[in-house]
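Taking the working numbering, I'd label the letters of the sequence shown as residues 4 to 366.
Think of the CB as a built atom: it goes at the ideal place given N, C-alpha and C, for glycine as much as any other residue.
Since this is a predicted model, take the numbers as computed values, not measurements.
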Amino acid sequence: MTRFLNLPLLLIALLLITPARAEKTTQALPPQAVGDNTMLAVYVDVTQINPEILSGLGEMLKGLTQNDALKDQGLALPMGDPKQIVDMLTLLRGSFLQAGGEGLAMTLEMPGEDSWSPPMALLAKTNGKFDAQAMGAVVRSMGEGQMDTALESLGDSWQNIAMKTKEGQPVTLAMPQPSAAAFDAMNKQLTQHKKPMLAVAFRMQDPMREMMDAAEEAAKNAQPGQGQDAQAQMMVGMLMGMFKPIRSLDTVGLAVSQLEEGGMLINAQMTFKDAQSAQQFANVYNMVLMFAPVALAQAGQGAEIPNMPDPAMINSFFMKLRMQPAGDSLKLTLDQEFFDLAEKLAPLFEGMQGQQAEPDFDL
């Protein structure tokens, strides 16, 4: 099997890192990169990655690879030596910037029925220092030298990176048939902030709606019978209430940035096919948030957790997660105050992590 490990690893690692700063320009994909079948688009601003962030990434990877609780459950990620990964990323970042790169983008389509791996296209945002030969060498190094690379200009400083195996098999997708409607929908999600370090846009595909129909039918058949646990009946009812509006979901977006004045910012957005579906989902989602603090506080009481947060703090945390309707969209902004609350609630989450309690009801 042809080895092509560094590129996926690079993209996964970039998705995990903490953002550095925000500037005044807007970043989005070129229209040629988005078609009706484009399911996911990810953009990472490589210029905003610095040694401090990469060092923090190394510590995060240690937690994912060396966490005893994850190992016990078979969930620790076999990613290799975190130091070697950070060293590799540092070298790749420097080479990418030196070749005139600014950002990396990736688009995915739905995987085929006979494959778990979604088809991927790779693009680079470049500047006036762009060196095609040097960029090709950087990309080949990500493929461990086992890929042939060709760069195609898409205009506006964007380059499509086409990759094939030495045997001539395509590794990356060709550009799709462009769709103005799909591009507008994805671009709306990617440009929530002026210059995020990470922007992600997901667009619902019809096969996913078909899977949701099947899940809704299964949920109906699994409803608790008359006289069973009232809490179970209520939770199942709320979950089923989400199916109909979620089926009308069009796109979801996430933009991660850090403000110039300090503090991290996350902008999230869900856009539906109509305002009614957006409001229906918001009603059910926000109702779940009303019950969540009570359920979490009750779970924590039986865990003998030191420094247990008070109920008011738990409630404040969940109220920060409320989504605000805006026409056919729902918006959520998580600022530094939210992350401060999350840090204060860490003892509760950590105390509950190792619990193996039986669920109160069967769905």
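Exercise. So the beta strand (DSSP E) Ile164 belongs to, where does it begin and stop?
Worked result: Sequence index remark: in the sequence shown, residue 164 carries index 161 (1-based). Per DSSP, Ile164 belongs to the beta strand (DSSP E) from Trp161 to Thr168.
Problem set entry | Boundaries (first-last residue) of the alpha helix (DSSP H) holding Leu344 | For the purposes of this step, residue 344 is identified with residue 341 of the sequence shown, where counting begins at 1. Per DSSP, Leu344 belongs to the alpha helix (DSSP H) from Gln339 to Lys347.
Problem set entry | Euclidean distance between Cα positions of Leu331 and Lys276 | Start at 1 with the first residue of the sequence shown, and residue 331 comes out as number 328. Start at 1 with the first residue of the sequence shown, and residue 276 comes out as number 273. For the sequence presented, residue 331 should be read as Asp rather than Leu. C-alpha separation (whole angstroms): 7 Å.
Problem set entry | Residue from Ala345, Lys247, Glu264 and Thr274 whose Cα sits closest to the Cα of Thr257 | In the sequence shown, residue 257 corresponds to position 254, counting from 1. According to the sequence provided, residue 257 is Leu. The question's Thr does not apply to it. Distances from the alpha-carbon of Leu257 to those of Ala345, Lys247, Glu264 and Thr274 put Thr274 closest.
For this session: Go ahead and label Gln101 buried or exposed: buried means 16 or more other beta carbons lie within 10 angstroms of its beta carbon, across all protein chains shown.
Result: Here the question's residue 101 lines up with position 98 in the sequence shown. By the 10 Å Cβ count, Gln101 comes out exposed.
Problem set entry | Contact check, Gly104 vs Met138, beta carbons under 8 Å | Here residue 104 corresponds to residue number 101 of the sequence shown, with the count starting at 1. Here residue 138 corresponds to residue number 135 of the sequence shown, with the count starting at 1. Cβ atoms of Gly104 and Met138: closer than 8 Å.
Problem set entry | Beta-bridge partners of Gly171, as assigned by DSSP | On the sequence shown, position 168 is the one that residue 171 refers to. BP columns for Gly171 are empty, so no partner.
For this session: Within the region 272–328, note down every full alpha helix (DSSP H) run reaching 4 residues or more, in order along the chain.
Result: 278–304 and 314–322
Exercise. If we ignore side chains and look at the alpha-carbon of each, how far apart do Ala185 and Ala204 end up?
Worked result: Mapped onto the sequence shown, residue 185 falls at position 182. Mapped onto the sequence shown, residue 204 falls at position 201. Roughly 11 Å between the two C-alpha positions.
Problem set entry | Burial state of Gly106, where buried means 16 or more other Cβ atoms lie within 10 Å | Residue 106 sits at position 103 when you count from the first residue of the sequence shown. When all chains shown are included, Gly106 counts as buried.
Exercise. What is the rounded straight-line gap between the Cα of Lys323 and the Cα of Thr110?
Worked result: Here residue 323 is taken as the residue at index 320 of the sequence shown, counted from 1. Here residue 110 is taken as the residue at index 107 of the sequence shown, counted from 1. Roughly 31 Å between the two C-alpha positions.
Exercise. How about Met145 and Gln51: are their beta carbons less than 8 Å apart?
Worked result: In the sequence shown, the residue the question calls residue 145 occupies position 142. In the sequence shown, the residue the question calls residue 51 occupies position 48. Cβ atoms of Met145 and Gln51: not closer than 8 Å.
Exercise. Which of helix, strand or coil does DSSP assign to Gly146?
Worked result: By one-based count along the sequence shown, residue 146 stands at place 143. Coil, per DSSP.
Exercise. Under 8 Å between the Cβ atoms of Glu112 and Asn40?
Worked result: As a working mapping, residue 112 is identified with position 109 in the sequence shown. As a working mapping, residue 40 is identified with position 37 in the sequence shown. Result yes, Cβ atoms of Glu112 and Asn40 sit closer than 8 Å.
Exercise. For the beta strand (DSSP E) that Phe205 lies in, which residues bound it at each end?
Worked result: Taking the first residue of the sequence shown as position 1, residue 205 is located at position 202. Its beta strand (DSSP E) spans residues Leu201 to Arg206.
Exercise. Given that a residue counts as buried once 16 or more other Cβ atoms are within 10 Å of its Cβ, and exposed if not, what is Ala217?
Worked result: Within the sequence shown, numbered from 1, the residue matching residue 217 stands at position 214. Flag for Ala217 reads exposed.
Exercise. Is the distance from the Cβ of Arg212 to the Cβ of Ala188 below 8 Å?
Worked result: Your numbering for residue 212 matches position 209 in the sequence shown. Your numbering for residue 188 matches position 185 in the sequence shown. Against a cut-off of 8 Å, the Cβ pair of Ala188 and Arg212 comes out as no contact.
Exercise. Is the shortest distance between the beta-carbon of Thr50 and the beta-carbons of chain B less than 8 Å?
Worked result: The displayed structure is made up of one protein chain only, and chain B is not part of it.
Problem set entry | Distance between Ala135 and Leu299 (C-alpha atoms, nearest Å) | Your numbering for residue 299 matches position 296 in the sequence shown. Your numbering for residue 135 matches position 132 in the sequence shown. Their backbone Cα atoms lie some 54 Å apart in a straight line.
Exercise. Cα separation between Gln149 and Ala124?
Worked result: By 1-based counting over the sequence shown, the position of residue 149 is 146. By 1-based counting over the sequence shown, the position of residue 124 is 121. Their Cα atoms are separated by approximately 18 Å.
Exercise. Measuring CA to CA, which of Ala285, Ala140 and Gln261 is closest to Gln272?
Worked result: Here residue 272 refers to the residue found at position 269 of the sequence shown. Sorting Ala285, Ala140 and Gln261 by C-alpha distance to the C-alpha of Gln272 places Ala285 at the top.
Problem set entry | Euclidean distance between Cα positions of Glu346 and Leu126 | Translated into the one-based positions of the sequence shown, residue 346 becomes position 343. Translated into the one-based positions of the sequence shown, residue 126 becomes position 123. The straight-line gap from Cα to Cα measures roughly 36 Å.
Problem set entry | Counted within 10 angstroms of its Cβ, other Cβ atoms place Arg325 as buried (16 or more) or exposed | Against the sequence shown, residue 325 aligns to sequence position 322. Sixteen is the threshold: since fewer than 16 other Cβ atoms of the shown chains lie within 10 Å of the Cβ of Arg325, the residue is exposed.
Problem set entry | First through last residue of the beta strand (DSSP E) which encompasses Met109 | Residue numbering aside, residue 109 sits at position 106 when the sequence shown is read from its first letter. Run containing Met109: Gly104 to Glu112, per the beta strand (DSSP E) assignment.
Exercise. Which class does Lys197 belong to by DSSP, given the choice of helix, strand or coil?
Worked result: Walking along the sequence shown from the start, residue 197 turns up at place 194. Residue state, collapsed to three classes: coil.
Problem set entry | C-alpha gap between Met166 and Glu147, whole angstroms | Counting from one through the sequence shown, the residue named residue 166 turns up at place 163. Counting from one through the sequence shown, the residue named residue 147 turns up at place 144. C-alpha separation (whole angstroms): 12 Å.
Problem set entry | Whole-Å CB distance - Leu32 paired with Tyr46, under 8 Å assumed | Translated into the one-based positions of the sequence shown, residue 32 becomes position 29. Translated into the one-based positions of the sequence shown, residue 46 becomes position 43. So it is a contact: roughly 7 Å between Cβ atoms.
Problem set entry | Sequence-distant residues of the same chain with beta carbon closer than 7 Å to Gln195, five excluded per side | Here the question's residue 195 lines up with position 192 in the sequence shown. If you ignore the 5 residues before and after Gln195, its C-beta comes within less than 7 Å of the C-beta of Gly256, Ala258, Asn270 and Gln272, all in its own chain and listed in chain order.
Exercise. For Gly256, which of helix, strand or coil comes out of DSSP?
Worked result: Sequence index remark: in the sequence shown, residue 256 carries index 253 (1-based). Reduced to three states, the DSSP call for Gly256 is strand.
For this session: Find out if the Cβ-Cβ distance for the pair Arg96, Val37 is shorter than 8 Å.
Result: Your numbering for residue 96 matches position 93 in the sequence shown. Your numbering for residue 37 matches position 34 in the sequence shown. Not closer than 8 Å, so no.
For this session: Since I believe Ala108 is in contact with Ala44 (beta carbons under 8 Å), could you give me their beta-carbon distance rounded to a whole number of angstroms?
Result: The sequence position of residue 44 within the sequence shown is 41, counting from 1. The sequence position of residue 108 within the sequence shown is 105, counting from 1. So it is a contact: roughly 7 Å between Cβ atoms.
Exercise. What residues match up with Leu125 in a beta bridge as DSSP calls it?
Worked result: Mapped onto the sequence shown, residue 125 falls at position 122. Note: Leu125 sits in a beta bridge opposite Met109 and Ile164.
Problem set entry | Rounded straight-line distance, which links the Cα of Leu351 to that of Met42 | Indexing the sequence shown from 1 puts residue 42 at position 39. Indexing the sequence shown from 1 puts residue 351 at position 348. Met42 and Leu351 have their alpha carbons spaced roughly 36 Å apart.
Problem set entry | DSSP-derived helix/strand/coil call for Ser98 | As a working mapping, residue 98 is identified with position 95 in the sequence shown. In this structure, Ser98 counts as helix in the three-state DSSP scheme.
Exercise. At which residues does the beta strand (DSSP E) containing Thr50 begin and terminate?
Worked result: In the sequence shown, counting from the first residue as 1, residue 50 sits at position 47. That residue, Thr50, is in no beta strand (DSSP E); it is neither H nor E in DSSP.
Problem set entry | Length of the line joining the Cα atoms of Lys86 and Phe99 | For the purposes of this step, residue 86 is taken as residue 83 along the sequence shown, with counting starting at 1. For the purposes of this step, residue 99 is taken as residue 96 along the sequence shown, with counting starting at 1. Taking the straight line joining both Cα atoms gives about 20 Å.
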